[in-house]
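Protein chains in written order, with the working numbering: chain A, 436 to 837; chain B, 436 to 837.
Number of protein chains: 2
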Amino acid sequence: MSLVVKKFGGTSVANLDKIRGVVKRVSTARSSWERIIVVVSAMAGETDKLIRFAHALSPQPVGREMDLLLTSGERIASSLLAIALDAAGIPAISLTGGQAGILTEGAHTRARVRSIRPARILKELNGGKVVVAAGFQGVDEFDEETTLGRGGSDLTAVALAAALEADRCEIYTDVDGVYTADPRIVPDAKRMEQISFEEMMELASLGAKVLQARSVDLAAKYDLPLVVRSAFDEGEGTLIIPESTGIESPAVRGVSCDSKQSKLTISAVPDRPGIAAALFGQLAEKSIMVDMIVQNVSENSLTDISITVNSDMAQHAEQIMVESNESFGGATISRDDDIAKVSVVGVGMKSQAGVAARVFSALARSRINIMMISTSEISISVVVRQADSENAVRVLHKEFIG
Amino acid sequence: MSLVVKKFGGTSVANLDKIRGVVKRVSTARSSWERIIVVVSAMAGETDKLIRFAHALSPQPVGREMDLLLTSGERIASSLLAIALDAAGIPAISLTGGQAGILTEGAHTRARVRSIRPARILKELNGGKVVVAAGFQGVDEFDEETTLGRGGSDLTAVALAAALEADRCEIYTDVDGVYTADPRIVPDAKRMEQISFEEMMELASLGAKVLQARSVDLAAKYDLPLVVRSAFDEGEGTLIIPESTGIESPAVRGVSCDSKQSKLTISAVPDRPGIAAALFGQLAEKSIMVDMIVQNVSENSLTDISITVNSDMAQHAEQIMVESNESFGGATISRDDDIAKVSVVGVGMKSQAGVAARVFSALARSRINIMMISTSEISISVVVRQADSENAVRVLHKEFIG
């Protein structure tokens, strides 16, 4: 029996009219799918309101209480949707994270999914009901409520789809798919009909923000076809699949930009083993996620190491590096917040040489200075001044996509 | 170890400032009590908002979904209070109905408490925490969420206090106690320092609305001292106890008035056994709660039966009686919505004769016509015209209380 999991974000259930819109979508989908699971986020604004309340009452609200507080948003949205489906003659039942069998680790506010206990969902699906699962939440081994972190409803949808071997998982959002670049920067940007998991992973983590990277990773692991599409129109969206089907993929599929980056440089470090390890060990211990890392060629046994981190963490990271520096002796720490990271991504790069050269010369022709370079098998990222970033995206989009 | 259960209603946690007010009360209470359980309702207005949403989406929302929807309100209030207590340096944990071990029957939207499984609460109390329990909710044997009906948070508080053998249960509300009459009608009305369970039961079910009758009943069953007091001032409130302590209780403790009553009369019924049974059987089957029942002395083997019901149900009750009447033949059904029920209540009536006579003569002196009379061991109720009801309350309050 065919099974689809459809996930609707907060803007798709923001008010009663939008909830009625979801009912219409589910009603239509019943002619194509034998079994349907709907995963919902909290009504737009509700989670932020509850977070604001909690922070007004406490500078550091306890994680366990935050989880119990925030899961209410998704519970409300899922019951309301079940009520609306039932009123439209579609048998439906809403299930909380615990009832839906989503078991997680105990780490509050950012729990990882441990396993899915599918008995209850299967019973309801087999009874002919549309199951409406509250996203973003689960329970730990002691039956304590947990949440999966921001964007966690995507993860709920993908995890349920993987566990129940759904035919596909559809993420409804306020954009109509994944684009070759941000259409606000590049008006010519095109919606991609298909993209590979690998490419989507690079785009998601490089700032495309359409899909949470953890969810793409999980879908890839289970070879689960994932679709990103608009909740508000009938477009086909973008299909994310194990491998692009074209025999010759284009070298570059998309161009992304992340302006929320800061660059930290530790200059004139003695170039001997163990120093980088000590530095990054300190950062990891304080949960600072390092994005790009570039080490310059050493001169006179001294070397420069530059890293980029999310701007929110830049000050904290700088402080840690200054403290570490005391043990190296004599190095200089500098921080630069006026940067952006621009990346080109495409599985085709694997087999096509010269992409890097084309990136550099295209940017040079437009007199855009490159401050750092980092490459992976399927992406090339450059750090540029923030003032140059939008132009860099346009130049690279024109160069590779048109 | 001493234990108190304190219940705060929706107006007492209506906003963040009020929640901080509850924190102060709990903080003060810690010097008098070794263990504290706080039960909270949803923030004022939240439950009504969710009900409005559900009814906008469906003419008849499914009970199971309503319960899942509405329990969120109390969960939010209890987590926020736990966060605020913790921020004030008071170790606290919030528990949902299920976590607090409140097991109910499966009847959604009006479940009865079946038993309390106290292990988790005891563990948290023994660990030195203030337990904040979400009111109004429980789980049934299948772990489905249930609600206890309107006013159910009082019941949560009393049930927990009874099961854990608390020293007392305090109900914080927006009035500062139980009065000898409604102070809006009788400016001289006095707050009672003590009242017996029996008297409170009569007053609660006769329309005093301070405490839900089911909660008083449960507290009486377990001899649990219950206090009604203001959430907004420091008054002592009213203590509700097994028996009034005075050796000679006054005949009348309070005067109450219920204007939401309608009178239904079936006239000229053949006076033979079984007819009343058939009529009330029909009403009970349709869940119509009958309040007063008066059958007149029969003449020529014909009799009149008058009943009063809540005005909300009057039309439905009339319809049922008209249908039943077809099988009796020849009787007339009439309905009168312009009535009110005024009652005097007091355990002392048991031993003092002549209270009824004083009621009737006091009303007669003020030319208030009595339409129906009904008595119990500790109360006398009369039905009068609505226009006369407030005056009747004042006259009777003056006659018996002063």
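Ideal placement from N, C-alpha and C gives every residue a C-beta, glycine not left out.
**OP:** Please list, in chain order, all residues of the same chain as B/V449 whose beta carbon is under 8 Å from its beta carbon, the five residues on each side excluded.
**Re:** Here residue 449 of chain B refers to the residue found at position 14 of the second sequence. According to the sequence displayed, residue 449 of chain B carries Ala and not Val. Excluding residues within five positions, the ones whose Cβ falls inside 8 Å are M478, A479 and G480.
Within 10 Å of its beta-carbon, does A/F577 have 16 or more other beta-carbons around it, so buried, or fewer, so exposed? As a first step, residue 577 of chain A must be located in the first sequence, where it is residue number 142. When all chains shown are included, A/F577 counts as exposed.
(Q) One question on the structure: do A/I742 and A/A752 come within less than 9 Å of each other, judged by their Cβ atoms? (A) Start at 1 with the first residue of the first sequence, and residue 742 of chain A comes out as number 307. Start at 1 with the first residue of the first sequence, and residue 752 of chain A comes out as number 317. Their beta carbons are under 9 Å apart, which means A/I742 touches A/A752 by this criterion.
Quiz prompt | Boundaries (first-last residue) of the alpha helix (DSSP H) holding B/D611 | solution = Taking the second sequence and counting its residues from 1, the one referred to as residue 611 of chain B is at position 176. Where B/D611 is concerned, there is no enclosing alpha helix (DSSP H), given that its DSSP letter is neither H nor E.
- [ ] With 9 Å as the C-beta to C-beta threshold (strictly closer), list the residues of the region 451 to 477 of chain B near chain A in chain order.
- [x] L451, I454, R455 and V458
| query | Just how far apart, CA to CA, sit A/Y657 and A/A712? | reply | Translated into the one-based positions of the first sequence, residue 657 of chain A becomes position 222. Translated into the one-based positions of the first sequence, residue 712 of chain A becomes position 277. Approximately 34 Å between the Cα atoms of the pair.
Would you report the Cα separation of B/R829 and B/A703, rounded to the nearest angstrom?
In the second sequence, residue 829 of chain B corresponds to position 394, counting from 1. In the second sequence, residue 703 of chain B corresponds to position 268, counting from 1. Roughly 36 Å between the two C-alpha positions.
task: Determine, using beta-carbon pairs with one atom in the region 595 to 614 of chain B and one in the region 779 to 787 of chain B, whether at least three such pairs fall under 8 Å.
output: no
* Asked: Are the Cβ atoms of B/F632 and B/P677 separated by less than 9 Å?
  -> As a position in the second sequence, residue 632 of chain B is number 197, starting the count at 1. As a position in the second sequence, residue 677 of chain B is number 242, starting the count at 1. For B/F632 and B/P677, yes; Cβs fall inside 9 Å.
Taking all protein chains shown into account, do 16 or more other C-beta atoms lie within 10 angstroms of the C-beta of A/E559, making it buried, or fewer, making it exposed?
One-based indexing of the first sequence puts residue 559 of chain A at position 124. Label assigned to A/E559: buried.
Under the three-state reduction of DSSP, which class applies to A/A703: helix, strand or coil? Counted from its first residue, the first sequence places residue 703 of chain A at position 268. Note: A/A703 maps to strand in three-state DSSP.
Q | Cβ neighbour criterion (16 or more within 10 Å) applied to B/R470 | A | Taking the first residue of the second sequence as 1, we reach residue 470 of chain B at position 35. The residue is buried, with at least 16 neighbouring Cβ atoms inside 10 Å.
- State yes or no: is the beta carbon of B/V497 nearer than 9 Å to at least one beta carbon in chain A? On the second sequence, residue 497 of chain B is found 62 positions in, with the first residue counted as 1. It does: the Cβ of B/V497 has a partner Cβ on chain A nearer than 9 Å.
Exercise for the section: Please compile the residues from chain A whose C-beta is within a distance smaller than 7 Å of the C-beta of B/F571. Expected result: Position 136 of the second sequence, counted from the first residue, corresponds to residue 571 of chain B. Near B/F571 there are no residues of chain A at all, since even the closest Cβ is about 14 Å away, more than 7 Å.
Exercise for the section: Alpha carbon to alpha carbon, how far is B/G444 from A/V565? Give it in angstroms, no decimals. Expected result: Locating residue 565 of chain A in the first sequence gives position 130, where the first residue counts as 1. Locating residue 444 of chain B in the second sequence gives position 9, where the first residue counts as 1. Straight-line Cα distance between these residues: approximately 36 Å.
Would you check if there are 3 or more beta carbon pairs closer than 8 Å linking the region 449 to 469 of chain A to the region 616 to 625 of chain A?
no
Closest residue to B/V819 among B/S691, B/G716 and B/K833 (Cα-Cα distance): Mapped onto the second sequence, residue 819 of chain B falls at position 384. The closest CA to that of B/V819, considering only B/S691, B/G716 and B/K833, is found on B/S691.
Under 7 Å by beta carbon: chain B residues contacting A/R510 = Position 75 of the first sequence, counted from the start, is the residue given in the question as residue 510 of chain A. L503 and S507, listed in chain order.
Query raised in the report: So what does DSSP say about A/V621, is it helix, strand or coil?
Result: The count along the first sequence starts at 1 and reaches residue 621 of chain A at position 186. The answer is coil: DSSP assigns A/V621 none of H, G, I, E or B.
Does the region 498 to 513 of chain B come within contact of the region 540 to 553 of chain B, defined as at least 3 CB pairs closer than 8 Å?
yes
Q. Would a C-beta distance cut-off of 9 Å place B/L659 and B/V593 closer than the cut-off?
A. The sequence position of residue 659 of chain B within the second sequence is 224, counting from 1. The sequence position of residue 593 of chain B within the second sequence is 158, counting from 1. Yes, Cβ-Cβ distance for B/L659 and B/V593 is below 9 Å.
message: Which of the three DSSP states is assigned to A/E637 in this structure?
response: Reading the first sequence from its first residue, position 202 is the one you call residue 637 of chain A. Helix, per DSSP.
Exercise. Just how far apart, CA to CA, sit B/R802 and B/L599?
Worked result: As a first step, residue 802 of chain B must be located in the second sequence, where it is residue number 367. As a first step, residue 599 of chain B must be located in the second sequence, where it is residue number 164. Answer to the nearest angstrom: the Cα atoms are 52 Å apart.
field: is_contact[A/A517, chain B] using C-beta, thresh 9 Å
entry: For the purposes of this step, residue 517 of chain A is identified with residue 82 of the first sequence, where counting begins at 1. Yes - at least one Cβ of chain B is within 9 Å of the one on A/A517.
_Taking the straight line between their C-alpha atoms, what separation do you get for A/V725 and A/L718?_
What you label residue 725 of chain A is simply residue 290 of the first sequence in a count that begins at 1. What you label residue 718 of chain A is simply residue 283 of the first sequence in a count that begins at 1. Computed Cα separation, rounded: 8 Å.
| message | I'd like the list of long-range same chain contacts for A/R664, defined as Cβ closer than 8 Å, with 5 residues on each side in sequence excluded. | response | If you number the first sequence from 1, residue 664 of chain A lands on position 229. Cβ within range, chain order: E605, I606, Y607, T608, D611, G612, G670, E671, G672 and T673.
If you draw a straight line from the C-alpha of B/A407 to the C-alpha of B/R688, how long is it?
-> Given a span of 436 to 837 for chain B in the structure shown, any question on residue 407 of chain B remains unanswerable.
Quiz prompt | Counterpart residues of A/N745 in DSSP-defined beta bridges | solution = One-based indexing of the first sequence puts residue 745 of chain A at position 310. A/Q696.
*Determine the burial state of B/E580: buried for a count of at least 16 other Cβ atoms within 10 Å of its Cβ, exposed for fewer.*
Sequence index remark: in the second sequence, residue 580 of chain B carries index 145 (1-based). With 16 or more other Cβ atoms within 10 Å, it is buried.
Quiz prompt | B/Q750, DSSP secondary structure in three states | solution = The residue you call residue 750 of chain B lines up with position 315 of the second sequence. Taken through DSSP and simplified to helix, strand or coil, B/Q750 comes out as helix.
Starting from A/G456 and walking both ways along the alpha helix (DSSP H), at which residues does that stretch end? Within the first sequence, residue 456 of chain A is the residue found at index 21, counting from 1. Residues L451 to A464.
Practice problem: Starting from A/A489, find everything on chain B with Cβ-Cβ shorter than 7 Å and list it in chain order. | Solution: Residue numbering aside, residue 489 of chain A sits at position 54 when the first sequence is read from its first letter. Chain B residues near A/A489: L515 and I518.
Task: Chain-ordered neighbours of A/P494 on chain B, where CB pairs are closer than 8 Å - done: Start at 1 with the first residue of the first sequence, and residue 494 of chain A comes out as number 59. Correct list: A522.
Report the CB separation of B/M727 from B/S816 in whole angstroms; it is logged as a contact under 8 Å. Numbered from 1 along the second sequence, position 292 holds the residue referred to as residue 727 of chain B. Numbered from 1 along the second sequence, position 381 holds the residue referred to as residue 816 of chain B. Indeed they touch by this definition, with Cβ atoms about 6 Å apart.
For this session: Answer with yes or no whether the minimum CB distance from A/E500 to chain B is below 9 Å.
Result: Sequence index remark: in the first sequence, residue 500 of chain A carries index 65 (1-based). A/E500 counts as touching chain B.
Next item on the list: Starting from the C-beta of B/H490, find all residues in its chain whose C-beta is less than 8 Å away, skip the five residues before and the five after it, and write them out in chain order.
Entry: Taking the second sequence and counting its residues from 1, the one referred to as residue 490 of chain B is at position 55. So the list reads P496, once near-sequence residues are dropped.
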